[in-house]
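Numbering (this note's numbering), first residue to last: 105 to 538.
All C-beta atoms, glycine included, are put in the ideal place defined by N, C-alpha and C.
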Amino acid sequence: MGIDELKVLVLGGGGREHALVHELAKSPHVDAIQVAPGNGGTAGEPRTINISLDIEDPRAVADYVEDNDITFVVVGPEAPLVAGVADAVRKVGIPVFGPDQLAAQLEGSKQFSKDFMARNDIPTAAYHVFESDERDEAIACLDEMGAPVVIKADGLAAGKGVTVATTIEQARDAIDDSFNGRFGEAGDKVVIEECLAGPECSVICFVDGATVVAMAPSQDHKRVGDGDTGPNTGGMGVYSPVPLVSDATYQEMVGIMQQVADALVAEDIPYRGVLYGGFMLTKDGPQVLEFNVRFGDPETQVLLPRLSSDVAEVLYATAEGRLREIELDWDDLDGVSVVMASGGYPASCETGFPITGIEDAQTIDGVTVYHAGTTRDEQGVAHTCGGRVLNVTALAPTFEEAMRRAYDAVDRIHFDGAFTRRDIGLKALIDKDT
């Protein structure tokens, strides 16, 4: 089978995966899509079914691909990539969108990422690494560095392993939380990092060896509360493009991503997938805060709707090593995506509540509702089953109108305990006026 007869397996079950499936289902090249595990939204997409599969078991995924005539695999979240799923599927001869296990350590290990950047002169914050039996040394390092300071659990922590500590006491607590098992094995090692100052911005790129094709910049909102207050989350909303990013600054960030791709090639680390560069725009220029080896969530939910190119063509070309043939086409629209979360998130929260109003919300021009933490009962009614439940995305000619449409849609959707930030996109308005 070729590009015109793709039978796609998408791994993951969040809002990012619904956005990917939504776009793949539009492509004339895609015959059928299976999603593991999927969610209440993916189940409703054309030619799409949800399946049960252990997506972090490389052998299980590779066997399923072979037994079910899958012709293309798209890996959504980071954990399967870190586990080596892409390696296993490539070994059975099926194209995969997503990097191999070694390259996935750019996200899977903060130390690996920082050491890689240090070796290759990638601009980033100064750092120190300590293991759990080196608590005293870590505390001494804190006392020398002072606050503010950033504490990062080394491994995967669902986007919640980073603490920007404004006091030494907060930093000590973050180190103790990590070493005392809050993040499991992911916290057995911590990175203590210089706290950079400036606005944050992300540039997500398709990468195929040394070929880099950048997407539009976006700006996530990590803190749970309005005005960037409260604890970090997986992301409470996002907008794109980013008015504060000049063409020169954008090109500088893309240049850094090209430098990263060239360094991967030089170190013989194959990369075919998407690479997310999280940047701090400091007074000395952009510096890398982190890498993700997959599409951002919720960034995907605002970027893909703005991308007018055929997503299946882009992903498949990347997986096959033909990214140099691709040019991305963008709609000239502003986008805002607002996360609707369960009460209590990012801590423990009650779920299982029915959701109403999604269909009504999507009657608003330019609005798409992506499911994240949802499931459907036998009658087809969507229920909450996670912390981040829905992504309400609106496109419009201006940010003012995109925000109005997004929050109009949010106000039409209801489930017990639902809450949102009410300031997603406000920074874009302020930056456009300055």
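Cβ-Cβ separation, residue j to residue i (assumed contact under 8 Å), whole Å
| i | j | result |
| --- | --- | --- |
| Gly470 | Arg509 | 6 Å |
| Tyr511 | Ile107 | With a Cβ gap of about 39 Å, Tyr511 and Ile107 do not count as contacting. |
| Val294 | Phe201 | Their Cβ separation, rounded to whole angstroms, is 32 Å, which puts Val294 and Phe201 out of contact at 8 Å. |
| Val114 | Ile137 | 6 Å |
| Ala207 | Tyr375 | 5 Å |
| Ala229 | Glu298 | 4 Å |
| Pro303 | Leu348 | 6 Å |
DSSP bridge partner residues for residue i (one or two, in chain order)
| i | result |
| --- | --- |
| Leu113 | Gln138, Val177 |
| Tyr354 | None; Tyr354 has no bridge partner. |
| Met384 | Glu304, Gln391 |
| Tyr474 | Asn495 |
| Gly439 | Ser344, Leu499 |
| Glu371 | DSSP output for Glu371 lists no bridge partner at all. |
| Met444 | Leu494 |
| Asn154 | Val139 |
| Lys293 | Glu235 |
| Gln323 | Tyr343 |
| Asp312 | Thr315, Arg376 |
| Gly197 | According to DSSP, which records beta bridges pairwise, Gly197 is partnered with nothing at all. |
| Lys256 | Val266, Val295 |
| Arg480 | Ala486 |
Exposed unless 16 or more other CB atoms sit within 10 angstroms - verdict on residue i
| i | result |
| --- | --- |
| Asn284 | exposed |
| Asn154 | buried |
| Pro335 | exposed |
| Asn495 | buried |
| Thr472 | buried |
| Gly197 | exposed |
| Thr267 | buried |
| Lys326 | buried |
| Thr502 | exposed |
| Asn143 | buried |
| Met340 | buried |
| Asp258 | buried |
| Gln483 | exposed |
| Gln405 | buried |
| Gly425 | exposed |
| Thr203 | Looking at the sequence shown, residue 203 is not Thr but Pro. Result: buried. |
| Gly288 | exposed |
| Ala451 | exposed |
From the options, residue whose alpha carbon lies closest to that of residue i
| i | options | result |
| --- | --- | --- |
| Ala275 | Ala123, Val253, Ile534, Asp332 | Val253 |
| Arg151 | Gly400, Lys111, Asp219, Asp292 | Lys111 |
| Gly188 | Leu210, Glu160, Val196 | Glu160 |
| Leu437 | Glu211, Ala262, Thr497, Phe201 | Thr497 |
| Met249 | Thr271, Lys218, Thr146, Ala290 | Thr271 |
| Gly456 | Ala370, Asn172, Arg480 | Arg480 |
| Phe395 | Val139, Val378, Thr267, Asp535 | Val378 |
| Val342 | Glu170, Asp401, Val358 | Asp401 |
| Ile528 | Cys489, Gly331, Ala320 | Gly331 |
| Asp240 | Asp280, Pro227, Ala261 | Asp280 |
| Ala352 | Met340, Asp372, Gly389 | Gly389 |
| Val193 | Leu210, Thr175, Ser452 | Thr175 |
| Asp167 | Pro203, Glu304, Asp191, Gly145 | Asp191 |
| Leu260 | Phe216, Asp171, Leu348, Val169 | Phe216 |
| Pro184 | Leu300, Asn172, Gly212, Glu170 | Gly212 |
| Asp173 | Gly118, Glu454, Pro199 | Pro199 |
| Asn224 | Val392, Leu408, Gln363, Cys489 | Gln363 |
| Gly329 | His126, Thr524, Arg120 | Thr524 |
| Val277 | Ala500, Lys264, Ile243 | With the sequence shown as reference, residue 277 is identified as Asp, and Val is not the correct amino acid for it. That would be Ile243, whose Cα lies nearest to the Cα of Asp277. |
| Asp435 | Asp237, Gly265, Ser344, Ile373 | Ser344 |
| Glu149 | Phe399, Arg410, His126, Arg163 | His126 |
Close-in-space but distant-in-sequence residues of the same chain around residue i (CB under 8 Å, 5 per side omitted)
| i | result |
| --- | --- |
| Ala522 | Met444, Ala445, Ser446, Gly447, Val493 |
| Met507 | Val440, Ala498, Ile528, Gly529, Leu530, Leu533 |
| Ala301 | Met384, Thr386, Lys387 |
| Ser156 | Ala140, Pro141 |
| Val169 | Leu113, Val177, Val193, Val196, Ile198 |
Residue-level contact to chain B via CB, residue i, 8 Å cutoff
| i | result |
| --- | --- |
| Ala192 | Reference to chain B is not applicable here, since this structure consists of a single protein chain. |
Other residues of its chain near residue i: CB distance less than 7 Å, five sequence neighbours each side excluded
| i | result |
| --- | --- |
| Ile462 | Val473, Ala486, Ile517 |
| Ala416 | Leu110, Leu128, Ser131, His133, Val134 |
| Ala318 | Val307, Cys309, Val358, Met361 |
| Gly145 | His122, Tyr474, His475, Thr478 |
| Glu403 | Ser306, Ile308, Ser322, Asp324, Val342 |
| Arg428 | Thr315 |
Sequence-distant residues of the same chain with beta carbon closer than 6 Å to residue i, five excluded per side
| i | result |
| --- | --- |
| Ala513 | Ala465, Ile468, Val471, Val496 |
| Gly116 | Gly180, Pro181 |
| Ser413 | Leu432, Asp433 |
| Ile346 | Reading the sequence as shown, one finds Val at residue 346 and not Ile. Cys305, Pro321, Gln323, listed in sequence order. |
| Tyr449 | Gly491 |
| Gly291 | Ala257, Ser282 |
| Ala314 | Ala365, Asp366, Val369 |
Residue i Cβ short of 7 Å to the ligand COA heavy atom set
| i | result |
| --- | --- |
| Val178 | For the structure depicted, the ligand COA is absent and the ligand set is empty, with no information on it obtainable. |
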